[in-house]
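Asks: In order, the protein sequence lines correspond to chains A and B. Take the first sequence: its position 48, counted from the start at 1, is 48 in the UniProt record's numbering, and no numbers get skipped. Take the second sequence: its position 37, counted from the start at 1, is 37 in the UniProt record's numbering, and no numbers get skipped.
Protein chains: 2
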Amino acid sequence: MYEGVVQDVIDELGQLPGIGPKSAQRIAFHLLAADPADVRRLVNALTELKEKVQFCRTCFNVAQSELCRICVDPRRDQTSICVVEESKDVVAIERTREFRGRYHVLGGAINPIGGVGPDDLHIRELIARLADGAVTEIILATDPNTEGEVTASYLARQIAPMGLTVTRLASGLPMGGDLEWADEVTLGRAFEGRRIVNA
Amino acid sequence: MYEGVVQDVIDELGQLPGIGPKSAQRIAFHLLAADPADVRRLVNALTELKEKVQFCRTCFNVAQSELCRICVDPRRDQTSICVVEESKDVVAIERTREFRGRYHVLGGAINPIGGVGPDDLHIRELIARLADGAVTEIILATDPNTEGEVTASYLARQIAPMGLTVTRLASGLPMGGDLEWADEVTLGRAFEGRRIVNA
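#1: Can you list, in chain order, the residues of the UniProt domain "Toprim" (79–174) of chain B whose Cβ is nearer than 8 Å to any Cβ on chain A?
#2: Relative to the C-alpha of Gly107 of chain B, which candidate in B:Val53, B:Ile123, B:Arg95 and B:Val72 has its C-alpha closest?
#3: Which residues, in order along the UniProt zinc finger region "C4-type" (56–71) of chain A, keep a beta-carbon less than 8 Å from a beta-carbon of chain B?
#4: Assuming the contact rule is C-beta atoms closer than 8 Å, Val72 of chain A and Val90 of chain A should be a hit. Round their C-beta distance to whole Å, please.
#5: So, Leu16 of chain A versus His30 of chain B, is the Cβ gap smaller than 8 Å?
#6: Between which two residues does the alpha helix (DSSP H) carrying Leu155 of chain B extend?
#7: Could you tell me whether the Cβ of Asp73 of chain A comes closer than 8 Å to any Cβ of chain D?
#8: The ligand ADP and Arg76 of chain B: does the residue's C-beta get closer than 7 Å to at least one heavy atom of that ligand?
#9: I want to see whether chain B comes within less than 8 Å of Pro36 of chain A, judged by CB atoms only; does it?
#10: Taking 8 Å as the CB-CB limit, is Pro17 of chain B close to chain A?
#11: For Glu51 of chain A, which option in B:Gln64, B:Leu49, B:Ala37 and B:Leu46 has the closest C-alpha, if you only look at C-alpha atoms?
#12: Would Arg76 of chain B pass as an interface residue toward chain A - the criterion being a Cβ-Cβ separation below 8 Å?
#13: Could you work out which residue in B:Val62, B:Gln64 and B:Gln7 is closest to Leu46 of chain A when comparing CA atoms only?
#14: For the beta strand (DSSP E) that Leu140 of chain A lies in, which residues bound it at each end?
#15: When burial is assigned at 16 or more other CB atoms within 10 Å of the CB, is Val185 of chain A buried or exposed?
#16: Just to make sure I have the definition right: I need the residues of chain B whose C-beta is within less than 8 Å of the C-beta of Arg195 of chain A. Which are they?
#17: Rounded C-beta distance between Ala152 of chain A and Arg129 of chain A? I'm assuming under 8 Å.
#18: Strictly below 7 Å CB to CB, what residues from chain B border Ala45 of chain A?
#19: Buried or exposed: Ser23 of chain A, going by 16 or more other Cβ atoms within 10 Å of its Cβ?
#20: Answer with buried or exposed for Gly115 of chain A, where buried requires no fewer than 16 other C-beta atoms within 10 angstroms of its C-beta.
#21: If you compare alpha carbons, which of A:Ser87, A:Gly176, A:Ala109 and A:Leu155 is closest to residue 200 of chain A?
#22: Under a Cβ-count criterion, where at least 16 other Cβ atoms within 10 Å of its own Cβ denotes burial, should Arg102 of chain A be classed as buried or exposed?
#23: When we look at the beta-carbon of Phe191 of chain A and count the other beta-carbons within 10 Å, is it buried (16 or more) or exposed?
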C-alpha cells in the first residue's frame, strides 16, 4: 500500500515475532519521524548482532569472544553445571543470584513432532564436559513443559552411569500467585513435592 | 543483563513503540538465530527508510521523490483535496477506493496541551494550494476525536472566505458493530446525522 521503501520496512518488521502489520506500520512511521541518529544506532546494533555475537565454545551461551563471560570467570564454581534450553534462561537464572556454577545451553529441547532429536542439541558436548570428573552436580533446568521434561529425563538417563548428583528444579505454585487460579498440573506437582515444615 | 551487543539490540528495540523489554528480547534472539540474509534485508530497509524517503513537496505525504505518486498521477481529480493528519490516513482512505482526488497531509492535529498549534502543521501550504481556484471541494478527514474536531473547525473557518465547498466525513455507528456497544458520543452523532430512508 505504501511507496517502495516504507512498504519494505513494514514487510520486514512484520516478519519479526510478535509484530503484526499494524505494529509494523506504527514502528515504520515512528522511525520516519525519529532522529536519524536513533535509527543509525538501531541499524548499527542489528548489524553488529550478526557480526560480533557468537556462541561460547564450552557452554553455547551467547558470547562476544570464543568463551562467554561466565565460562571465563574464575570465581564461578567449577563443580556444578546448570543445563538450560536457551541463553534467555541463563539470564533468568543469573537474575536470581541463586546459582554460582556454570551453564550448558542445549539450544532447544527434544521435540519429536518438531523434528528435534537429541543429536540436534548440544548433548554430546555436555557429556564431554563431564569426562574429567571435575563436575559433581548437574542441575536440569529445562522448561517445565512436555519437551523440557522429556529432555530432562533423557539427560538424567545419559548422565546416571557417571555417578554425578543430578537434580531438577522444583515444580510447584508460583510465588505471589493465588492457589485457586493454579492449573491442575501445577497444583498436582505442588502436592507431590510438599515438604515438612519445621515448627 | 546480556553481553554487549545483544543488550544493545534489546535496548534499541525496546525504544520502539509497542515493544516492551520481553518482546525486544524475543526479537533479538529470533534475529540471532535467523538467516543472516534476512537480517541484512531488515537492516537495508531501515537504512534506506531514512536515506530515500522524503515528504511530497505539494501534499506532505511520504514520497520517494520530490512529489508523491498520487500528486504526479494525472488521472487524479484536481478539483478536490482530502485533508488528513498523517500519511497512514492516506493509505486507509485509498483502500476504500471512494476518493479520486488528491490529499493534503497536515502532519498532526491542533493540540494546545501537547504544544501543537496551527503553525506547526502544513496549513499555510494548504491555503496556498487553494489560491489558483482549481480546487472546488475540501474534505476534512481529520480524526473523529477532540484534536481532529478542533483542527477541522479551525480549517473550516480559514477556508470559508474562499467560497469552496468544505465537507467533513460522516460520524456514526461503525459498520459491523452492535448498537448496544456503541459509546454515547458515537450514538449521539449517529442520531444527529440520521438520514431519510427512501422506501
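Just so it is clear, CB atoms sit at the ideal spot from N, CA and C, and this is done for glycine as well. As the structure is a prediction and not an experimental result, all values here were calculated from the model.
Replies: For this structure:
#1: From the UniProt domain "Toprim" (79–174) of chain B, only Glu86, Ser87, Lys88, Val91, Glu94 and Arg95 have a Cβ closer than 8 Å to chain A.
#2: Comparing Cα-Cα distances from Gly107 of chain B to each of B:Val53, B:Ile123, B:Arg95 and B:Val72, the minimum goes to B:Ile123.
#3: Hits within the stretch, in order: Val62, Ala63, Gln64, Cys68 and Arg69.
#4: 14 Å between Cβ atoms; not a contact.
#5: The answer is yes: Cβ separation under 8 Å.
#6: Thr146 to Ile159 is the span of the alpha helix (DSSP H), which, as asked, contains Leu155 of chain B.
#7: Absent from the structure: chain D. Protein chains present are A and B.
#8: This structure lacks the ligand ADP, and indeed carries no ligand of any kind.
#9: Chain B contact via Cβ: present.
#10: With its beta carbon less than 8 Å from one in chain A, Pro17 of chain B belongs to the interface.
#11: Taking only the C-alpha atoms, the option nearest Glu51 of chain A is B:Ala37.
#12: Output row for Arg76 of chain B: interface = no.
#13: In terms of CA proximity to Leu46 of chain A, B:Gln7 leads the group B:Val62, B:Gln64 and B:Gln7.
#14: Counting along the chain, Leu140 of chain A sits inside the beta strand (DSSP E) bounded by residues Glu137 to Leu140.
#15: Val185 of chain A comes out exposed.
#16: At a beta-carbon threshold of 8 Å, none of the residues of chain B lie near Arg195 of chain A; the nearest stands roughly 31 Å away.
#17: About 17 Å separates the beta carbons of Ala152 of chain A and Arg129 of chain A, which is beyond the 8 Å limit, so they are not a contact pair.
#18: Under the 7 Å cutoff, chain B gives Val5, Asp8, Val9 and Glu12.
#19: In this structure Ser23 of chain A is buried. Its beta-carbon is surrounded by 16 or more other beta-carbon atoms within 10 angstroms.
#20: Its Cβ having fewer than 16 others within 10 Å, Gly115 of chain A is exposed.
#21: Because chain A is modelled from 1 through 199, residue 200 of chain A falls outside the range shown and cannot be assessed.
#22: Residue burial is scored here from C-beta neighbours: Arg102 of chain A has at least 16 other C-beta atoms within 10 angstroms and is therefore classed as buried.
#23: Phe191 of chain A is exposed by the Cβ-count criterion.
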